[in-house]
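At position 129 of the sequence shown the residue is numbered 776 (our numbering), and the sequence of numbers has no breaks.
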Amino acid sequence: MFLDFFNTVANLKNIPRQGWIDKLGMEKPESVSDHTFSMTVMAMVFADLQQLDTLKILKMSLLHDLVESITGDMTPNQISKKDKAILETQNMTEILKNLPPKLQKDFLELWCEFQQNLTPESRMVHELDKLEMALQAKIYEKNGFGDVQSFLHSAQNQIQNSELKEWLRKIINQ
Numbered sequence: 648m649f650l651d652f653f654n655t656v657a658n659l660k661n662i663p664r665q666g667w668i669d670k671l672g673m674e675k676p677e678s679v680s681d682h683t684f685s686m687t688v689m690a691m692v693f694a695d696l697q698q699l700d701t702l703k704i705l706k707m708s709l710l711h712d713l714v715e716s717i718t719g720d721m722t723p724n725q726i727s728k729k730d731k732a733i734l735e736t737q738n739m740t741e742i743l744k745n746l747p748p749k750l751q752k753d754f755l756e757l758w759c760e761f762q763q764n765l766t767p768e769s770r771m772v773h774e775l776d777k778l779e780m781a782l783q784a785k786i787y788e789k790n791g792f793g794d795v796q797s798f799l800h801s802a803q804n805q806i807q808n809s810e811l812k813e814w815l816r817k818i819i820n821q
């Protein structure tokens with residue numbers, strides 16, 4: 648039972664982040680798993696600093712891209728928002744079916760909370776998703792992988808938290 652779930656999670660190690668392929672022409676970009684790990688470390692730090700529910704944010708961070716183990720990393724130009732939401736909900740339910748009912752319910756609720764983006768915790772996770780993307784963009788820029796401005800502008804447009812905005816400024820100016 649758990650083995651199917653863990654194998655699905657492990658598949659994230661083999662799913663490349665599509666935006667880096669599409670916009671920078673990278674052959675071997677970071678994986679979804681790489682992104683999730685880096686983002687979750689950021690989540691641990693910033694949730695504690697901002698006195699939010701750290702455990703909730705950590706779980707949400709770990710769950711946020713789990714559906715990509717089935718769908719791959721879909722970019723906005725590949726599928727409509729509505730179709731993506733339907734597909735992801737079906738896939739998340741499928742992934743979680745291999746867990747005990749209580750965990751299925753709890754994890755699906757957390758993932759849905761993230762998708763709705765209405766709570767302080769879900770907003771933090773969404774913004775950390777963009778902050779981590781900006782950090783990775785600057786790493787790629789330093790390594791000569793091309794123009795990353797569209798990634799940085801995306802982060803600037805979506806990060807509202809004042810502390811995360813300040814960290815984004817530092818990332819951009821490094």
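Glycine included, C-beta positions come from ideal geometry on N, C-alpha and C.
Three-way DSSP call (helix, strand, coil) for S685 in this model: Numbered from its first residue, the sequence shown carries residue 685 at position 38. Three-state result, S685: helix.
Restricting to Cα atoms, I'd like to know which of K749, N724, E760 and P747 is closest to T736. One-based indexing of the sequence shown puts residue 736 at position 89. It is E760.
Spatial distance of N745 from L650 (CA atoms): For this step, residue 745 is matched to residue 98 along the sequence shown. For this step, residue 650 is matched to residue 3 along the sequence shown. If you take the alpha carbons of N745 and L650, they lie about 8 angstroms apart.
Starting from K752, trace the alpha helix (DSSP H) in both directions and tell me its first and last residue. Start at 1 with the first residue of the sequence shown, and residue 752 comes out as number 105. Residues P748 to Q763.
Taking DSSP's pairing of strands, which residues face P663 in a bridge? Within the sequence shown, residue 663 is the residue found at index 16, counting from 1. According to DSSP, P663 bridges with S678.
If you draw a straight line from the alpha carbon of N661 to that of Q725, how long is it in whole angstroms? Here residue 661 refers to the residue found at position 14 of the sequence shown. Here residue 725 refers to the residue found at position 78 of the sequence shown. So the alpha carbons of these two residues sit roughly 20 angstroms apart.
Between the beta-carbon of N658 and the beta-carbon of S708, is there less than 8 angstroms? Here the question's residue 658 lines up with position 11 in the sequence shown. Here the question's residue 708 lines up with position 61 in the sequence shown. Cβ atoms of N658 and S708: not closer than 8 angstroms.
Considering only the alpha carbon of each residue, which of E810, A802, H800 and Q783 lies closest to F684? Counting from 1 along the sequence shown, the entry for residue 684 is found at position 37. Comparing Cα positions, the closest option is Q783.
CA-CA distance, P747 and E774? As a first step, residue 747 is located in the sequence shown; it is residue number 100 there, counting from the start. As a first step, residue 774 is located in the sequence shown; it is residue number 127 there, counting from the start. So the two alpha carbons sit approximately 30 angstroms from each other.
Report buried or exposed for E674, applying the criterion of at least 16 other Cβ atoms within 10 angstroms of its Cβ. In the sequence shown, counting from the first residue as 1, residue 674 sits at position 27. Under this definition E674 is an exposed residue.
What is the C-beta distance between L765 and A781, in whole angstroms, given that I count them as a contact (C-beta under 8 angstroms)? The sequence position of residue 765 within the sequence shown is 118, counting from 1. The sequence position of residue 781 within the sequence shown is 134, counting from 1. Rounded, the Cβ-Cβ distance is 23 angstroms, inconsistent with contact.
Can you find the residues in the same chain that come closer than 6 angstroms, C-beta to C-beta, to M829, ignoring five residues on each side of it along the sequence? Beyond the ends of the chain as shown, which are 648 and 821, falls residue 829; an answer cannot be given.
Please state whether the Cβ-Cβ distance between S809 and K777 is less than 8 angstroms. The residue given as residue 809 occupies position 162 in the sequence shown. The residue given as residue 777 occupies position 130 in the sequence shown. Between S809 and K777, the gap from beta carbon to beta carbon reaches 8 angstroms or more.
Residue range of the alpha helix (DSSP H) that V795 falls in? Locating residue 795 in the sequence shown gives position 148, counting from the first residue. Here V795 belongs to no alpha helix (DSSP H), and DSSP marks it neither H nor E.
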